[in-house]
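Inspection log for the structure reproduced underneath, given as structure tokens.
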Amino acid sequence: MILQGYFKFHCPADVNGKKCGAEWSYQEVRRNASLTEKEQENFEKKLAEFAAKYYCDFKECPKCKSFVERKDLTNLRVHCILCLSLKGEQFEFCWQCLKPWKGSGTSSVKCANDGCRNQSLDILADCKLKALPGSEIKDCPSIRACPTCRRLIEHKEQCKYVMCSQCHIEFCFACLETARECQAKKCSAYFLFCAKPVAPRQTTIPVWSQK
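Position 1 of the sequence shown, counting from 1, maps to 1 under full-length UniProt numbering, and the rest follow consecutively.
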């Protein structure tokens, strides 16, 4: 599970025909797994890495090389507080192109530096349309940004529901609702139309909804 990006672990026991599903603490996992010192070190390193990717949205400051987390996920203009505290210098950079900030005000699209653009939006705009295999759903973009964590996912096979490898949320590739919401609105087979029409190409990247 840890190799697949999971950092939360749940009890797999079957109790009276019902899956337990209780979340295990790290201490319980470490004790029951009987890890060697080296295995424990690698295990904890991976856990920290995956948890940070899920809970934090951070990048390396191009000036001081420290990792910076932005408070406003809709603003590309980022002020590095470590440059100020460590070097006594004011430094702002663009979250998208990682160049020193150029332009006035703030922006959620791009800064004034040449070539500043969101490559993910280019991929979403240019990807092919496809019919989802074995279904009645056609003209669906073949690549989507996960509605929860914005990771780009390409649909290759099987039904309309996909599991994001980063946030592990299952969503419908056709209507972009979570699988649970899609099924609740229209109780249908995995290969049939949703209650909502096929969502058009995404023209914005979702703000990460960390839950």
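C-beta atoms are modelled at their ideal positions from N, C-alpha and C, and glycine is treated no differently.
Keep in mind the model is a prediction, meaning the values are calculated, not measured.
{"Check": "So L73 and D57 are in contact, right, with Cβ under 8 angstroms, and what is the actual spacing, rounded?", "Outcome": "6 angstroms"}
{"Check": "Using the Cα positions of T36 and C116, report the straight-line distance between them to the nearest angstrom.", "Outcome": "47 angstroms"}
{"Check": "Give the straight-line distance between the Cα atoms of K196 and L132, rounded to the nearest whole angstrom.", "Outcome": "16 angstroms"}
{"Check": "Around the Cβ of L84, are there at least 16 other Cβ atoms within 10 angstroms (buried) or fewer (exposed)?", "Outcome": "exposed"}
{"Check": "Grab me the residues of Q90's own chain with a C-beta within less than 8 angstroms of its C-beta, minus the 5 sequence neighbours each way, in chain order.", "Outcome": "H79, C83 and L84"}
{"Check": "Roughly how many angstroms separate the alpha carbons of V15 and H168, rounded to a whole number?", "Outcome": "24 angstroms"}
{"Check": "Distance, Cα to Cα, K186 vs R144?", "Outcome": "22 angstroms"}
{"Check": "What number of angstroms, rounded off, separates the C-alpha of W101 from the C-alpha of C111?", "Outcome": "7 angstroms"}
{"Check": "Does the distance from the C-beta atom of A179 to that of A199 stay below 8 angstroms?", "Outcome": "no"}
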